[in-house]
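Contents: one structure, followed by commentary.
There are 2 protein chains.
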Amino acid sequence: MATVSRTLNGMEKVAGPTRDHVLKIASELDYIPHSGARALSTRRTDTIGVLLPDLHGEFFSELIRGIDLAARARGLHLLLSSSHGDPAEAAAALRAMRSRVDSIIVMSLQPGGDFVPASGPGGVPLVFLGGGAHHNGHPSFVIDNYAGAFAITEHLASTGKRCIAFVAGPPDNIEAKERLRGYRAALRQVIGNASEWIVPGDFSEQSGRDAARTIAAGGLPDAIFCANDMMAIGCLEGLREAGLSVPGDVALAGFDDIPITRYVNPPLTTAAVPIAEIGRRALECCADLISGRKTSLKHKFKPVLVKRASSGSGTPSPHQ
Amino acid sequence: MATVSRTLNGMEKVAGPTRDHVLKIASELDYIPHSGARALSTRRTDTIGVLLPDLHGEFFSELIRGIDLAARARGLHLLLSSSHGDPAEAAAALRAMRSRVDSIIVMSLQPGGDFVPASGPGGVPLVFLGGGAHHNGHPSFVIDNYAGAFAITEHLASTGKRCIAFVAGPPDNIEAKERLRGYRAALRQVIGNASEWIVPGDFSEQSGRDAARTIAAGGLPDAIFCANDMMAIGCLEGLREAGLSVPGDVALAGFDDIPITRYVNPPLTTAAVPIAEIGRRALECCADLISGRKTSLKHKFKPVLVKRASSGSGTPSPHQ
DNA sequence: CTTGCCGATGTAACCGTTTACACAAAATCC
DNA sequence: GGATTTTGTGTAAACGGTTACATCGGCAAG
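So the sequence lines, in the order shown, correspond to chains A and B. Here the first sequence is numbered in the working numbering, starting from 1417 and rising by one per residue. Here the second sequence is numbered in the working numbering, starting from 1417 and rising by one per residue.
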């Protein structure tokens, strides 16, 4: 019994013929160790939990793809759970998950401090995605929204736009707030005396369309910068309905670089976030934590400016 | 010990005060049962495995969303694994998963007969998604590709198009073959003497673009039907590059109704597949199998024709 | 021919639950 | 009021692995 276990695992101290014999029988029986029993005795599950606020859209499928890639490379399994809008529900999901995994990747919309114990529940290490703030000492992976928004605004200004409107995201969303901050800072530093023009939005396509209407009614700016791509797409439609051309009458830019941006007409200038890469790195961070390695607490990813036709730059062809 | 177990589970035969006391202590200790130990003794994991060929694109994120929705409604966890291109790798993943789950949803590109044991490995029930064929007695969920393709072709014919070209999918892909069959049948039955015009493709955007070039060079048909949406989008670009307008010079239709189709210009006529719904139903099928209920073996979903501007019908506005 | 050592294998305790069964106390019956 | 049922709680044996430790040959050294 012990010899079988040793053969199938560590391979330490098992004589050649015995080893072969065990392996032969095991394969004849199509034997597979019971993971629960193994977890019971080793206190490891070889599974990473993934907790997401939602699953809609391309952002999450990219994220999961990155995580999955890294997980399979390390022989780890993935336990997925989503739709955790409010902190209470997320906390419940965290509890339900904790005895089944060795570590958890948590993506939260709000800063996690509120529902997150300083040390993960039941001791499993936690890794945070987004949400900006510090998470009680857990490592976190965040996008440099400020820098991305700054770069977009700067780019628009560099092509001669002086009056740039900003369609904001949800007021309580940290990512949205940072993007607004980047827009403001760029206006001040690059254009100097430019005045802000901020239109409310909520990251949804519809709110982008509404914003376009509001903006068109108020006298056109030189450019519109939407805090995410979905709003930019809605805005594009709204402008078209108002009979305005992009980038002819007004330039347009978004944020995220979701795949759709390449297919709309004109293709959207945006700030590209390496979503899958972040997922991969987050999982590797989990693996490090499990094996007791130290990891840096804050990982910040700077978006890359992608110039496309909607801002009057880039290639006029939709695919560059 | 037994009383604690009874309190936390079945709630049978535990006196009021005892029950309260147990619950109080449990919450004070933030006690959570060890899922491995529980699985060991109950032989249930309350987890469903999900095996996918890939994670790229919106199709899979929708599918997972549907599965997750149903899983959380039933208190089940989800173990996800993807990127199983070839059968051998899928079989390995199946083995790795089987001791950790109560049932597995397998999405395969080829018919599963080859790598799938008649009864799931280790006895866990299997449910198949796509791949068309019979799967050794396991329930399967398939899209009625034939009917969908027939409906699209019929629709194009009904708006007066006589010459309809078809951009095919990979020759060995069952879904693709069925769509081709639907196209052919509709041509025969609806138009009668129409001759087929089949252009090769592989479901990729690029192959759609190439097809457009081929078609434009060969004298324009009245309409082009692409076997999936991504090719239709590529085709649209190819036609635009060739200076042709859709639907003015030629009508265009796709298949799947991925979200992007609403945002391209003109919006794409397509056959809508209820992806999330299929995921939900597949998970419910797993739950039924686990609890020993009988389920029907073949679930077929008929796509819904979505008429948009690319075929000259539908509203000219991109969002209907 | 002992003695000691070492490498390979066997033994048994433990991981944390569930659950059949034993048991005690309380409630019901004649 | 004793026999009998009911009700609630405790005991111990699984579940299927891992691993510290005991055991057992074989071989080298004395």
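In this text, a Cβ means the ideal position worked out from N, Cα and C, and glycines have one as well.
Whole-angstrom C-beta distance between residue j and residue i, which should lie under 8 Å
i	j	result
V1662 of chain B	S1729 of chain B	That belief does not hold up - the Cβ atoms of V1662 of chain B and S1729 of chain B are roughly 13 Å apart, past 8 Å.
D1484 of chain B	L1471 of chain A	6 Å
V1540 of chain B	I1568 of chain B	About 38 Å; that fails the 8 Å criterion.
A1692 of chain B	I1640 of chain B	With a Cβ gap of about 28 Å, A1692 of chain B and I1640 of chain B do not count as contacting.
V1543 of chain B	K1716 of chain B	Actually they do not touch by this definition, with Cβ atoms about 14 Å apart.
G1576 of chain A	M1513 of chain A	52 Å between Cβ atoms; not a contact.
G1553 of chain A	I1590 of chain A	With a Cβ gap of about 18 Å, G1553 of chain A and I1590 of chain A do not count as contacting.
F1671 of chain A	S1477 of chain B	That belief does not hold up - the Cβ atoms of F1671 of chain A and S1477 of chain B are roughly 20 Å apart, past 8 Å.
Y1377 of chain A	V1680 of chain B	For residue 1377 of chain A there is no data in the structure shown, the boundaries of chain A being 1417 and 1736.
Residue i and residue j closer than 8 Å at C-beta
i	j	result
I1694 of chain B	L1545 of chain B	yes
A1648 of chain B	P1616 of chain B	no
V1420 of chain B	T1461 of chain B	no
R1656 of chain A	A1610 of chain A	no
T1463 of chain B	H1493 of chain B	yes
A1563 of chain B	G1598 of chain B	yes
T1677 of chain A	K1723 of chain A	no
P1586 of chain B	D1618 of chain B	yes
P1555 of chain A	L1660 of chain A	no
E1505 of chain B	E1474 of chain A	no
A1643 of chain B	A1592 of chain B	yes
A1509 of chain B	L1699 of chain B	no
With 16 other Cβ atoms within 10 Å as the buried cut-off, status of residue i
i	result
E1653 of chain B	buried
I1614 of chain A	exposed
S1457 of chain A	exposed
K1429 of chain B	exposed
V1720 of chain B	exposed
D1626 of chain A	buried
M1427 of chain B	exposed
G1650 of chain A	buried
E1612 of chain B	exposed
Y1447 of chain A	exposed
S1443 of chain A	exposed
R1488 of chain B	buried
G1635 of chain B	exposed
A1455 of chain A	buried
A1697 of chain A	Here residue 1697 of chain A turns out to be Arg, not Ala, going by the sequence shown. Per the 10 Å Cβ criterion, buried.
L1603 of chain A	buried
S1707 of chain B	exposed
A1364 of chain A	Residue 1364 of chain A is absent from the model: chain A starts at 1417 and stops at 1736.
A1633 of chain A	exposed
R1481 of chain B	buried
P1734 of chain A	Any reading at P1734 of chain A is ruled out, since the residue's pLDDT is 43, under 50, leaving its predicted position unreliable.
A1418 of chain A	exposed
I1441 of chain A	exposed
Closer than 8 Å to chain A by CB, residue i
i	result
P1449 of chain B	yes
A1455 of chain B	yes
I1649 of chain B	yes
R1511 of chain B	yes
G1670 of chain B	no
R1516 of chain B	yes
G1452 of chain B	yes
Residue i at chain B interface by Cβ criterion, 8 Å
i	result
H1493 of chain A	yes
V1583 of chain A	no
E1474 of chain A	yes
G1608 of chain A	no
L1445 of chain A	no
Y1679 of chain A	yes
I1392 of chain A	Absent from the model: residue 1392 of chain A. The displayed extent of chain A is 1417 to 1736, so no value can be given.
T1423 of chain A	no
S1661 of chain A	no
L1471 of chain A	yes
T1630 of chain A	no
T1461 of chain A	yes
What residues in the segment 1476-1487 of chain B bring their beta carbon closer than 8 Å to a beta carbon of chain A?
F1476, S1477, I1480, R1481, D1484 and L1485
Residues of the segment 1682-1700 of chain A with Cβ closer than 8 Å to any Cβ of chain B, in chain order:
none
Taking a Cβ distance cut-off of 8 Å, strictly less, list which residues of the segment 1719-1730 of chain B are near chain A, in chain order.
none
Just by C-beta distance, which residues in the segment 1547-1561 of chain B are closer than 9 Å to chain A?
none
According to a CB-to-CB cut-off of less than 9 Å, which residues of the segment 1496-1510 of chain B neighbour chain A?
L1496, S1497, S1498, S1499 and A1509
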